[in-house]
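> Chains as they are written, first to last, in numbering that gives the first Met the number 0: chain A, 0 to 405; chain B, 0 to 405. Just so it is clear, CB atoms sit at the ideal spot from N, CA and C, and this is done for glycine as well. These numbers were taken from a predicted model, which means no experiment stands behind them.
There are 2 protein chains.
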Amino acid sequence: MSGREFFSTRTVAEALAGFRPAHRTPVEDVPLAAALHRVPAAPVSAAAPLPGFARSTVDGFAVRAADTYGASEGLPSYLDLLGTVRMGAEPTVAVRPGGCVAMPTGGVLPAGADAVVMVEYTAETMPGTIEVTRPVAPGGGVVRADEDVAAGGTLVPAGRPLRAPDLGLLAAAGVTAVPVHARPRVTIISTGDEVVPPSTVSPAPGQVRDATASALAGLVADAGGEPVLAGIVDDEPGALKSRLTEVLPESDLVVVSAGSSVGARDETAGAVASVGEIWCHGLAIKPGKPTLLADCGGIPLIGLPGNPLSALVVFGQVGIPLLWRLSGCDAPPPVPSTRARLSRDLASASGRLDIVQVTVHEGVAEPLFGPSALLSVLTRADGYVRIPEPATGLDGGTEVEVVLYR
Amino acid sequence: MSGREFFSTRTVAEALAGFRPAHRTPVEDVPLAAALHRVPAAPVSAAAPLPGFARSTVDGFAVRAADTYGASEGLPSYLDLLGTVRMGAEPTVAVRPGGCVAMPTGGVLPAGADAVVMVEYTAETMPGTIEVTRPVAPGGGVVRADEDVAAGGTLVPAGRPLRAPDLGLLAAAGVTAVPVHARPRVTIISTGDEVVPPSTVSPAPGQVRDATASALAGLVADAGGEPVLAGIVDDEPGALKSRLTEVLPESDLVVVSAGSSVGARDETAGAVASVGEIWCHGLAIKPGKPTLLADCGGIPLIGLPGNPLSALVVFGQVGIPLLWRLSGCDAPPPVPSTRARLSRDLASASGRLDIVQVTVHEGVAEPLFGPSALLSVLTRADGYVRIPEPATGLDGGTEVEVVLYR
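1) Does DSSP put Q316(A) in a helix, in a strand, or in coil?
2) Starting from V399(A), trace the beta strand (DSSP E) in both directions and tell me its first and last residue.
3) If you draw a straight line from the C-alpha of A212(B) to the C-alpha of P226(B), how long is it?
4) Thinking A34(B) and V179(B) are a contact (beta carbons under 8 Å), I'd like their distance in whole angstroms, please.
5) Is it true that the CB of L31(B) sits closer than 8 Å to the CB of A176(B)?
6) For V115(B), which residues in chain A fall below 9 Å Cβ to Cβ?
7) Judging by CA-CA distance, which residue of G395(A), A163(A), R208(A), A339(A) is the nearest neighbour of G105(B)?
8) Taking the C-alpha atoms as reference points, what is the distance between S1(B) and V92(A)?
9) 8 Å is my cut-off, CB to CB: does Y120(A) come that close to chain B?
10) What separation, rounded to the nearest whole angstrom, lies between the Cα atoms of E4(A) and E123(B)?
11) Go through its chain and collect everything with a Cβ distance to L10(A)'s Cβ below 6 Å, but skip five positions before and after it.
12) Hey, does S189(A) have any beta-carbon neighbour from chain B nearer than 8 Å?
13) State the DSSP-derived secondary structure class of S309(B), mapped to helix, strand or coil.
14) The beta strand (DSSP E) that contains L228(A), what's its start and end?
15) For T67(A), does the three-state DSSP call read helix, strand or coil?
16) Could you compute how far the alpha carbon of A390(B) sits from the alpha carbon of V142(A)?
17) Helix, strand or coil: how does DSSP classify V376(A) here?
18) Take F18(B) and list the residues in its own chain whose beta-carbon comes closer than 6 Å to its own, dropping the five residues that flank it on each side.
19) Pull the bridge partners of Q356(A) from the DSSP assignment, please.
20) Please tell me whether A268(A) has its Cβ less than 8 Å away from any Cβ of chain B.
21) Out of D381(A), P307(A), G327(A), which has the shortest C-alpha to C-alpha gap to T56(B)?
22) I want to see whether chain A comes within less than 8 Å of V200(B), judged by CB atoms only; does it?
23) At the 8 Å Cβ level, is T124(B) part of the contact set with chain A, yes or no?
24) Select from the segment 100 to 114 of chain B all residues with a C-beta closer than 8 Å to any C-beta belonging to chain A, and list them in chain order.
25) Spell out whether any CB of chain B is found under 8 Å from the CB atom of A40(A).
26) Does any residue of chain B have a CB that is nearer than 8 Å to the CB of D294(A)?
27) Starting from G98(B), trace the beta strand (DSSP E) both ways and give me its first and last residue.
28) Nearest to E13(A) by alpha carbon, out of S371(A), A380(A), Q316(A)?
29) Between the segment 331 to 341 of chain A and the segment 335 to 347 of chain B, are three or more C-beta pairs nearer than 8 Å?
30) Just tell me which of P304(B), A40(B), V29(B) has its CA closest to the CA of A210(B).
31) Interface residues of chain A around Q206(B) at Cβ under 8 Å?
32) Taking C-alpha atoms, which residue in R95(A), I386(A), A47(A) lies nearest to F60(A)?
33) Which complete beta strand (DSSP E) runs does the segment 168 to 196 of chain A hold, if anything under 3 residues is left out?
34) Please list, in chain order, the residues of the segment 351 to 367 of chain A that have any C-beta partner in chain B closer than 9 Å.
35) Identify the contact partners of D394(B) in chain A, using a Cβ-Cβ distance below 8 Å as the criterion.
36) Just to confirm, are P286(A) and S309(A) a CB contact at a threshold of 8 Å?
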């Protein structure tokens, strides 16, 4: 109960800037149907221009724009109808001066034409003669063969998770597999003599089911990682070290949900020190101070506080940015947020990042207090407010940014 | 090329309020590890209180609070150390007046104690005697047996997608499977004689690879649905009707990516009318006007415009809310957004919803223009601005809400 350690405490800002283990996940090819939110390891370029041919964007008539100059309701142009372009087929007829060809939206612009006049501004006054009542400029009603993407142009950049429309553009270019970083395998180890699996029907007095591992697995999946639940390790000396040695070679990130007591924390720090280099022990964050960060030969390890609420807050602030880095992602997706007014004063200590859970109703953010041993504080919250390191608190009525949970 | 149909056009607001096919997906039990973002079909309650026993939230000594009243550095209370609580085990000793028991964080509060004094405010001055230098109130340093959730209390509500901390609370309560609505199976049918599969190495002149289906599959997956790509149907009469008849019994939502030409749209409307009731043909939205909504015996069907950009915009505005409804979700997750100033004037027509793609840099939203035939407009955008139905445009410099893509 004595022997509290005094490792170096760091701020969250220092951890984000300075704790940068070298490891990145390997690159693998995945089919388009499995590529959503995956992170391309290199830009993907177009082998050929898109759409690949000049296409009509309207139903109408392919023309030489010059033949429509000055056309009006009162003084239409009259053009000879030379034929029809069929969808999906090459035109069998060209447009010569004074002529036009009927076009569906999406059809190939025939040779000789430089514009498509919309059907709304035409009439077939006599069989074979099209009256045009409005002029069209060159390029009007047409997309160029390379207007979507030029040959060699970038379809998707490296480092930004793929979004739904990216999948469409890749499909359009005939790219059916994408080189992406593998999902980081995040091994989650729970510790503590009191912790029993969630499937335990009737925990004995003093035992608690493992809540943190399931919640962490959800956070990991949300950030594109692959959670691996490695079970519960007893507080017995040597047990954690031996488990860490086993899992490190198969992990891109290791998360130890440590015990909350000083004894359990010392045990964790000792085991981690034997397999890697401790970068900090103690983060200037509330809740979540008893956090440990270590570099195990390039593989990052996070020792989380034992309280589920603290553990999840710290993982959100420090673990998720690490996960994105491991995935080769330098442009993480935006997170939902809203502006709201604080319902009351919030105290904080200068030099410490405070994460305060809140509900939001009609533009008012109401802080949820309660011991960080309570998970229900987090499940009842709509989101959280950050009180940054330099601040010593926020006054009631202040407009704040609330990061919303999804 | 003639024969343009004049079905009823509706606004997006009317569609969201009025187009409500009755179908919901069935309920299935899924294990906790697969329950992230799934929608509970009923509230899940706690069978027993949580954490289930009064627990210490600090390292220290379990006491009767009254024994510490008035304690100070100058005038400490002295208590007899009666024993130690071990993690995960029932206390073997009770606290009597004038006594205390050593406690780890998370340990079971022994009988007779009503508070835990932090180790920081104690010292073992003599073996067996603990000096307490600060008073603790009843309940201090303790969470009650039902402080997280009372027996019968709600762990997670129905209708809101499960978030990571919900999985933790369910695990804590021993709930290892959750009754949720099945993921909606969304059948995506592409049509058009010019459309060929993305795997086509060298499309013939006039052919385009199917971009929309892959992008739609991404949007469906993002909203918790299960996309089923049902391939490309020729514009041949009867082909679409026959495909619809096949897929409807296996679908919760059917999406037809229709051709863009008037002829292709007529063909789609005819086929849909033979398998369901057309609710509207034409939405007051730009891009995306040629949209069709139909109710096929309770199963919603969306006929999307042929241009990929238009199709994706409409699916985002109308299809995704339908998907959430099918999933039994009445509280869809928040979407990321930011405030930005428009770089220029945007025109719109009153009575029509305009969705304008934008990039956002340093607080300025720059509209991206270009024909809706271009998918790259969407892949280059950071998000979009809505110009709602009543507005006739937005002035440059106006502060707008940009919905951000993720």
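On the basis of the supplied data:
1) Counted from its first residue, the first sequence places residue 316(A) at position 317. Correct three-state label for Q316(A): helix.
2) Within the first sequence, residue 399(A) is the residue found at index 400, counting from 1. Secondary structure note for V399(A): its beta strand (DSSP E) is the uninterrupted segment 398 to 403.
3) Here residue 212(B) refers to the residue found at position 213 of the second sequence. Here residue 226(B) refers to the residue found at position 227 of the second sequence. When rounded, the separation of the alpha-carbon atoms in A212(B) and P226(B) is 9 Å.
4) Position 35 of the second sequence, counted from the first residue, corresponds to residue 34(B). Position 180 of the second sequence, counted from the first residue, corresponds to residue 179(B). Taking 8 Å as the upper bound for CB-CB distance, A34(B) and V179(B) are in contact here, some 6 Å apart.
5) Residue mapping note: residue 176(B) aligns to position 177 of the second sequence, counting from 1. Residue mapping note: residue 31(B) aligns to position 32 of the second sequence, counting from 1. Result yes, Cβ atoms of A176(B) and L31(B) sit closer than 8 Å.
6) Within the second sequence, numbered from 1, the residue matching residue 115(B) stands at position 116. Correct list: empty, because the minimum Cβ distance to chain A is about 12 Å.
7) Within the second sequence, numbered from 1, the residue matching residue 105(B) stands at position 106. Selected option, being the one with the closest Cα: R208(A).
8) For the purposes of this step, residue 1(B) is taken as the residue at position 2 of the second sequence. For the purposes of this step, residue 92(A) is taken as the residue at position 93 of the first sequence. Because the pLDDT at S1(B) is just 35, under 50, the model does not fix this residue reliably, and the value given afterwards should be weighed accordingly. Taking the straight line joining both Cα atoms gives about 22 Å.
9) Taking the first residue of the first sequence as position 1, residue 120(A) is located at position 121. Y120(A) does not count as touching chain B.
10) The residue given as residue 4(A) occupies position 5 in the first sequence. The residue given as residue 123(B) occupies position 124 in the second sequence. Residue placement at E4(A) is poorly supported in this model, since its pLDDT is 47, which falls under 50; the coordinates are not used for a value here.
11) Taking the first residue of the first sequence as 1, we reach residue 10(A) at position 11. The amino acid at residue 10(A) is misidentified as Leu; the sequence shows Thr. Cβ neighbours of T10(A) beyond the five flanking positions: A283, E388.
12) Indexing the first sequence from 1 puts residue 189(A) at position 190. Chain B, which has no Cβ nearer than 8 Å to the Cβ of S189(A), makes this no.
13) Mapped onto the second sequence, residue 309(B) falls at position 310. Three-state DSSP puts S309(B) in a helix.
14) The residue labelled residue 228(A) in the question sits at position 229 within the first sequence. Secondary structure note for L228(A): its beta strand (DSSP E) is the uninterrupted segment 225 to 232.
15) Counting from one through the first sequence, the residue named residue 67(A) turns up at place 68. The three-state secondary structure of T67(A), taken from DSSP, is helix.
16) Position 391 of the second sequence holds residue 390(B). Position 143 of the first sequence holds residue 142(A). Their Cα atoms are separated by approximately 30 Å.
17) Here residue 376(A) corresponds to residue number 377 of the first sequence, with the count starting at 1. Three-state result, V376(A): helix.
18) In the second sequence, the residue the question calls residue 18(B) occupies position 19. Leaving aside the five residues that flank F18(B) on each side, the residues in its chain whose CB is nearer than 6 Å to its CB run, in chain order, W278, L292.
19) In the first sequence, counting from the first residue as 1, residue 356(A) sits at position 357. Paired residues: Y383(A).
20) Your numbering for residue 268(A) matches position 269 in the first sequence. No - not a single Cβ of chain B is within 8 Å of the one on A268(A).
21) Working through the second sequence from its first residue, we reach residue 56(B) at position 57. For T56(B), the closest alpha carbon among the candidates D381(A), P307(A), G327(A) is that of P307(A).
22) Translated into the one-based positions of the second sequence, residue 200(B) becomes position 201. Judged by the 8 Å Cβ criterion, V200(B) is in contact with chain A.
23) As a position in the second sequence, residue 124(B) is number 125, starting the count at 1. False, the Cβ-Cβ gap to chain A never drops below 8 Å.
24) Cβ proximity to chain A below 8 Å picks out A101, P103, T104, G105, G106, V107 from the segment 100 to 114 of chain B.
25) As a position in the first sequence, residue 40(A) is number 41, starting the count at 1. Among the residues facing chain B, A40(A) is not included, as its CB has no counterpart in that chain under 8 Å away.
26) Mapped onto the first sequence, residue 294(A) falls at position 295. So, not an interface residue.
27) For the purposes of this step, residue 98(B) is taken as the residue at position 99 of the second sequence. In the DSSP annotation of this structure, the continuous segment of the beta strand (DSSP E) that includes G98(B) starts and ends at 98 to 102.
28) Sequence index remark: in the first sequence, residue 13(A) carries index 14 (1-based). The residue with the shortest Cα to Cα distance from E13(A) is Q316(A).
29) Touching, yes.
30) Start at 1 with the first residue of the second sequence, and residue 210(B) comes out as number 211. A210(B) has its Cα closest to that of P304(B), out of P304(B), A40(B), V29(B).
31) In the second sequence, counting from the first residue as 1, residue 206(B) sits at position 207. Residues of chain A whose Cβ lies closer than 8 Å to the Cβ of Q206(B) are, in chain order, G87.
32) Within the first sequence, the letter at position 61 stands for residue 60(A). Of the candidates R95(A), I386(A), A47(A), the one whose C-alpha sits nearest the C-alpha of F60(A) is R95(A).
33) Annotation note: the segment 168 to 196 of chain A contains the following uninterrupted beta strand (DSSP E) runs of length 3 or greater, listed N- to C-terminal: 176 to 180, 184 to 190.
34) Considering only beta carbons, no part of the segment 351 to 367 of chain A lies closer than 9 Å to chain B.
35) As a first step, residue 394(B) must be located in the second sequence, where it is residue number 395. Neighbours of D394(B) on chain A: none; closest Cβ ~22 Å, over 8 Å.
36) By one-based count along the first sequence, residue 286(A) stands at place 287. By one-based count along the first sequence, residue 309(A) stands at place 310. Taking 8 Å as the Cβ cut-off, P286(A) and S309(A) qualify as a contacting pair.
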